[in-house]
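Which chain is which? The protein sequence lines are R and D, in order. Under the working numbering, the first residue of the first sequence carries the number 1, and numbering increases by one thereafter. Under the working numbering, the first residue of the second sequence carries the number 190, and numbering increases by one thereafter. C-beta atoms are modelled at their ideal positions from N, C-alpha and C, and glycine is treated no differently. Structure first, commentary second.
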Amino acid sequence: MIAIWWACTAVAPPEPAPDVWGPTDDGAQVYASCASCHLADGSGRPDGVVPRLAGQPAEILASKLTRIASGQVDLPVMLPFARALTDDAIAQVAEHIEGLPAVAVGQGTAGGGGTVYADHCAACHGAAGEGSVPLGAPRLCGQHHGYLLRRLRAPESRGDADAAMVAIVQTLGDEQLDAAATWLAACTP
Amino acid sequence: MARSVHTLSLTRKAFLRGVAVAAASSVLPARADAPDDVLVIGAGLAGLTAARRLVAMGYSARVLEARGRVGGRTVNLALPGGHVVEGGGEWIGPGQDRIAALAAEVGVGTFPAYYEGATTYDLRGVISTGYLPDFASREGGDFFRAAWKLDRACRALPLGDPWTAANAQALDARTLGSWLDEHATTRFTHDIFRLITRAIMAGHPERISLLWFLAYLRSGGGLLPIIQNDGGAQDQRFVGGSQAVSIEVARALGGRVLLGHPVSRVTDRPGQPVVVDTLGGTFHARRVVVAMMPADTLRIRFDPLLPELRRELCEGWARLTRLPIVKLSLTYREPFWRAAGLNGAMQSDRSPLQLVFDNSPEDGSIGVLTGFLSVVEAPGFADRAARQALVVEELVRYFGDTARRYDAYVEKDWAADPWSTGCITPLGPGLLSRAGPALRAPVGRVHWAGTETSDRWWGYMDGAVRSGERVAEELAAALT
């Protein structure tokens, strides 16, 4: 009986302690720090406080991290983490995140958001929100609604949206933004 | 100004005199370009204490704070009915004399935290109530043997600079987890240490450097003072919430505390004052105090670059794995658990609510249950709206259906805080023995404060106050 209790309640087996001091030559090792907020599978927080990262193209991620570290993108919460990474570590962790299981590119179903998205966003972010590396447009399908809406409501706030993005968003009303975000978030794992 | 008043023991009277002098000469400098003796970066307890001391000594000092509030990792959350509850650090205990003295100086009182009655334990799948969890005598013996060995080992470390110990590198090359594998013979001991490190240090034994763990114990006077509730580090609470101390210190400093001034750059070039660039303008000073957690200092660009060891310290700190904590509270019409002989405390090895305790106001006029939760350990609790409902169900499991009838839910999610990289960060192997010497060592005219630089009560509010006092003395010596 006691053995059963033990078996039922045993805590997860300890993971090997990372060598936090050694060269960070392994993307998974670097990511252990990111996982504190973005979670081990890169799924972020459903409420949008922390974005989903899994499957985001490595180029997009590396560019973002580099711009955060340089201060070009104003993101205080990420700044210490980005600045702690060497260029190599950024490249490695970006590769790792790209390889995390992503939400399948599908079709959102909710409301008229698909039309808003197709008319205003798809040209850069792809027909199904799959993103475009050449255009520097992040993958959006499956991103959390709360996060998308927060960014859409203030695209210029961090200095990482280009002029086109800011201009396009300004032509849209809050209901349209909400609909587009809902449509994108509807691609779920 | 009375610069000759170099008294280090700041009495209330002396302080009031300082305020009077300040008020009389209306020293509330609004001009960003007027050089100060000292600019303090960070209006947490460390930075505010440093500024308060320096001002009392007759120096001109201002505090630059990124947030729109003071208090750093202490923060009061508003509850209905004018009550507050802490979203960050909140307890003080015996030996934490400096935060106690500061609170008394600014008129913030304390009261005993509520521990009367039985604690609820949910360990190994069994829910029980009592003063201690159920364990076999063999298990108890094993735990206390391990605790005794750790206690003895921590006392062998030099206070304040554990990296100078002869065996520092060896201790820092392994984790607490691996030490327990070697020295603990029962699962019980492993489980209890896991509870302790999660609840008190926001980390897991297999991630925590043995050297850091022992240094942490050393700074608090041993394992028992740290883990004990009544009579230990969780003994007392502040009337009006722990942030009240910072608020009152800042009130006394008046216009010297500048909120909404995140610092982007500190330039320390020979032949000119130190230049501090912020979003709210550029400031100049003879000396600068950075009163921030080491990882957070990466937010600032230093020109010239900081020495390699200092950079390694901060970068290593930011790369640590951590358990960011959501500290959440639910309010009830009354502390209903007390009538049932419970003290409201709960510890579990399976619930995402790793620790719950009675956080009601002193008069018990409403009931408050506060819990800690890490989304990393419980991804199902990652969504705030879902979290609230799930937390209520957890409380119902331990305190019955009455727990469902709460009035308000508030939380502080430290992972989402833009200005703090977590609340407490236990160090992993390799960092402290190597980069420890860079923790406090001034770099040019830049000095360091913050609870992580304190010799006593590292990670506690008391450590923050001590670090502020230490750095003020450091500056007084440098500025004469």
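Using a beta-carbon distance below 8 Å, is Val77 (chain R) in contact with chain D?
Here residue 77 (chain R) corresponds to residue number 77 of the first sequence, with the count starting at 1. At least one chain D Cβ lies under 8 Å of Val77 (chain R).
Got a sec? Which residues, its chain only, sit under 6 Å from Thr669 (chain D) by beta carbon, not counting five neighbours each side?
Translated into positions along the second sequence, residue 669 (chain D) becomes position 480. Contacts found: none.
Exposure of Gln461 (chain D), with buried meaning 16 or more beta-carbon neighbours within 10 Å:
Working through the second sequence from its first residue, we reach residue 461 (chain D) at position 272. By the neighbour-count criterion, in which 16 or more other beta carbons inside 10 Å mark a residue as buried, Gln461 (chain D) falls on the exposed side.
Spatial neighbours of Phe525 (chain D) in its chain, beta-carbon cut-off 7 Å, leaving aside the 5 residues before and after
As a first step, residue 525 (chain D) is located in the second sequence; it is residue number 336 there, counting from the start. Excluding sequence positions up to five before and after Phe525 (chain D), its CB lies within less than 7 Å of the CB of Gly556 and Thr591, all in the same chain and listed in chain order.
Name, please, each residue of chain D whose Cβ falls closer than 8 Å to the Cβ of Ala154 (chain R).
Locating residue 154 (chain R) in the first sequence gives position 154, counting from the first residue. The CB of Ala154 (chain R) never comes closer than 8 Å to any CB in chain D; the least such distance is about 14 Å.
Could you name the residues of the stretch 488-518 of chain D whose beta carbon sits closer than 9 Å to any beta carbon of chain R, in the order they occur along the chain?
Legend: CB atoms of the stretch 488-518 of chain D lying less than 9 Å from CB atoms of chain R belong to residues Arg488, Arg490, Glu501, Cys503, Glu504, Gly505, Trp506, Ala507, Arg508, Leu509, Thr510, Arg511, Leu512 and Pro513.
Under 9 Å, CB to CB, which of the residues in the stretch 571-595 of chain D have a partner in chain R?
Listed by position along the chain: Ala571, Asp572, Arg573, Ala574, Ala575 and Arg576.
Beta-carbon separation (whole angstroms), Ala292 (chain D) vs Val660 (chain D), contact threshold 8 Å
In the second sequence, the residue the question calls residue 292 (chain D) occupies position 103. In the second sequence, the residue the question calls residue 660 (chain D) occupies position 471. Contact between Ala292 (chain D) and Val660 (chain D) fails: their C-beta atoms lie close to 19 Å from each other, not under 8 Å.
Strictly by DSSP, which residues pair up with Glu275 (chain D)?
Position 86 of the second sequence, counting from 1, holds the residue named residue 275 (chain D). Partner(s): D:Asn265.
Chain-order list of residues whose beta-carbon lies under 6 Å from that of Tyr304 (chain D) (same chain, five-residue window excluded)
Numbered from its first residue, the second sequence carries residue 304 (chain D) at position 115. Answer for Tyr304 (chain D): Asn418, Asp419 and Asn532, listed in chain order.
State the Cα-Cα distance for the pair Pro347 (chain D) and Gln577 (chain D), rounded to the nearest angstrom.
One-based indexing of the second sequence puts residue 347 (chain D) at position 158. One-based indexing of the second sequence puts residue 577 (chain D) at position 388. If you draw a straight line from the Cα of Pro347 (chain D) to the Cα of Gln577 (chain D), it is about 44 Å long.
Is there a Cβ from chain D that is less than 8 Å from the Cβ of Pro23 (chain R)?
Reading the first sequence from its first residue, position 23 is the one you call residue 23 (chain R). With a pLDDT of 45 at Pro23 (chain R), under the threshold of 50, the modelled position of this residue cannot be trusted; read the value that follows with caution. Cβ-Cβ to chain D under 8 Å: no for Pro23 (chain R).
Take Pro283 (chain D) and list the residues in its own chain whose beta-carbon comes closer than 8 Å to its own, dropping the five residues that flank it on each side.
Here residue 283 (chain D) is taken as the residue at index 94 of the second sequence, counted from 1. These residues qualify, in order along the chain: Pro414, Gly420, Gly421 and Asp424.
Between the stretch 58-71 of chain R and chain D, which residues of the former have a C-beta closer than 8 Å to a C-beta of the latter?
Those would be Gly71, in chain order.
Return the bridge partner residues of Val455 (chain D) from the DSSP annotation.
Looking up residue 455 (chain D) in the second sequence gives position 266. Looking at the DSSP output, Val455 (chain D) sits in a beta bridge with D:Val465 and D:Phe491.
Checking 8 Å against the spacing of the C-beta atoms, do Arg251 (chain D) and Arg488 (chain D) come in under that value?
For the purposes of this step, residue 251 (chain D) is taken as the residue at position 62 of the second sequence. For the purposes of this step, residue 488 (chain D) is taken as the residue at position 299 of the second sequence. No, Cβ-Cβ distance for Arg251 (chain D) and Arg488 (chain D) is not below 8 Å.
Closest by CA to Ala185 (chain R), which one among R:Leu149, R:Asp174, R:Gln143 and R:Gly173?
Working through the first sequence from its first residue, we reach residue 185 (chain R) at position 185. Among R:Leu149, R:Asp174, R:Gln143 and R:Gly173, the Cα nearest to that of Ala185 (chain R) belongs to R:Gln143.
Could you compute how far the alpha carbon of Ala35 (chain R) sits from the alpha carbon of Ala28 (chain R)?
As a working mapping, residue 35 (chain R) is identified with position 35 in the first sequence. As a working mapping, residue 28 (chain R) is identified with position 28 in the first sequence. Spanning the two alpha carbons is a distance of roughly 10 Å.
DSSP three-state label for Ser656 (chain D), please.
Numbered from 1 along the second sequence, position 467 holds the residue referred to as residue 656 (chain D). If DSSP states are grouped into helix, strand and coil, Ser656 (chain D) belongs with the helices.
Under 9 Å between beta-carbons, which chain D residues line up against Leu39 (chain R)? List them in chain order, please.
Position 39 of the first sequence, counted from the first residue, corresponds to residue 39 (chain R). For Leu39 (chain R), the chain D residues whose C-beta falls within less than 9 Å of its own C-beta are Val564, Val565, Pro568 and Ala571, listed in chain order.
Which residue marks the beginning of the beta strand (DSSP E) containing Ala638 (chain D), and which one marks its end?
Along the second sequence, read from residue 1 onward, the residue named residue 638 (chain D) stands at position 449. Membership of Ala638 (chain D) in the beta strand (DSSP E) is indicated by the continuous run Val635 to Ala638.
I need the boundaries of the alpha helix (DSSP H) containing Thr115 (chain R), first residue and last residue.
Residue mapping note: residue 115 (chain R) aligns to position 115 of the first sequence, counting from 1. Unbroken alpha helix (DSSP H) run through Thr115 (chain R): Gly113 to His120.
Asp602 (chain D) versus chain R: which residues are under 8 Å apart at the beta carbon?
For this step, residue 602 (chain D) is matched to residue 413 along the second sequence. Proximity of chain R to Asp602 (chain D) at the Cβ level (cut-off 8 Å) is accounted for by Val49, in chain order.
Using the Cα positions of Leu544 (chain D) and Ala127 (chain R), report the straight-line distance between them to the nearest angstrom.
Numbered from its first residue, the second sequence carries residue 544 (chain D) at position 355. Numbered from its first residue, the first sequence carries residue 127 (chain R) at position 127. Rounded to the nearest angstrom, the two C-alpha atoms are 47 Å apart.
Smallest Cα separation from Val274 (chain D): which of D:Phe472, D:Thr309, D:Gly530 and D:Glu551?
By one-based count along the second sequence, residue 274 (chain D) stands at place 85. In terms of Cα proximity to Val274 (chain D), the closest of D:Phe472, D:Thr309, D:Gly530 and D:Glu551 is D:Glu551.
Confirm, please, whether the CB-CB distance from Arg158 (chain R) to Val73 (chain R) is below 8 Å.
Counted from its first residue, the first sequence places residue 73 (chain R) at position 73. Counted from its first residue, the first sequence places residue 158 (chain R) at position 158. In terms of Cβ geometry, Val73 (chain R) and Arg158 (chain R) form a close pair [threshold 8 Å].
Among D:Glu328, D:Val580 and D:Thr559, which has the Cα closest to the Cα of Gly569 (chain D)?
Taking the second sequence and counting its residues from 1, the one referred to as residue 569 (chain D) is at position 380. For Gly569 (chain D), the closest C-alpha among the options D:Glu328, D:Val580 and D:Thr559 is that of D:Val580.
With the cut-off set at 8 Å, would you say Arg287 (chain D) and Arg655 (chain D) are in Cβ contact?
Position 98 of the second sequence holds residue 287 (chain D). Position 466 of the second sequence holds residue 655 (chain D). The answer is yes: Cβ separation under 8 Å.
Whole-angstrom C-beta distance between Leu243 (chain D) and Val227 (chain D), which should lie under 8 Å:
In the second sequence, counting from the first residue as 1, residue 227 (chain D) sits at position 38. In the second sequence, counting from the first residue as 1, residue 243 (chain D) sits at position 54. Their Cβ separation, rounded to whole angstroms, is 5 Å, which keeps Val227 (chain D) and Leu243 (chain D) in contact under 8 Å.
For His145 (chain R) and Leu664 (chain D), the rounded distance between their alpha carbons:
To locate residue 664 (chain D), count along the second sequence from 1; it is residue 475. To locate residue 145 (chain R), count along the first sequence from 1; it is residue 145. Approximately 50 Å, taken between the alpha carbons.
What are the partner residues of Met138 (chain D), as DSSP defines its beta bridges?
This structure cannot speak to residue 138 (chain D), because chain D is shown only from 190 to 669.
Would you tell me roughly how many angstroms separate the C-alpha atoms of Thr614 (chain D) and Gly112 (chain R), rounded to the nearest one?
Your numbering for residue 614 (chain D) matches position 425 in the second sequence. Your numbering for residue 112 (chain R) matches position 112 in the first sequence. Taking the straight line from one Cα to the other gives about 45 Å.
Leaving out five residues on either side along the sequence, give the residues of the same chain with a beta carbon under 6 Å from the beta carbon of Gly306 (chain D).
Stepping through the second sequence from its first residue, residue 306 (chain D) is reached at position 117. In the same chain as Gly306 (chain D), and ignoring 5 residues on each side of it, the C-beta atoms closer than 6 Å to its own belong to Gly530, Leu531 and Asn532, in chain order.
Using the Cα positions of Ala653 (chain D) and Ser398 (chain D), report the straight-line distance between them to the nearest angstrom.
Locating residue 653 (chain D) in the second sequence gives position 464, counting from the first residue. Locating residue 398 (chain D) in the second sequence gives position 209, counting from the first residue. Looking at the two C-alpha atoms, the distance is approximately 22 Å.
Along the chain, where does the alpha helix (DSSP H) containing Leu620 (chain D) start, and where does it finish?
Reading the second sequence from its first residue, position 431 is the one you call residue 620 (chain D). In this chain, the alpha helix (DSSP H) harbouring Leu620 (chain D) covers Leu620 to Ala624.
If the cut is a Cβ gap below 7 Å, which residues of chain D does Pro80 (chain R) touch?
Locating residue 80 (chain R) in the first sequence gives position 80, counting from the first residue. Residues of chain D passing the Cβ test: Ala484, Asp485, Leu487, Arg488, Ala507 and Thr610.
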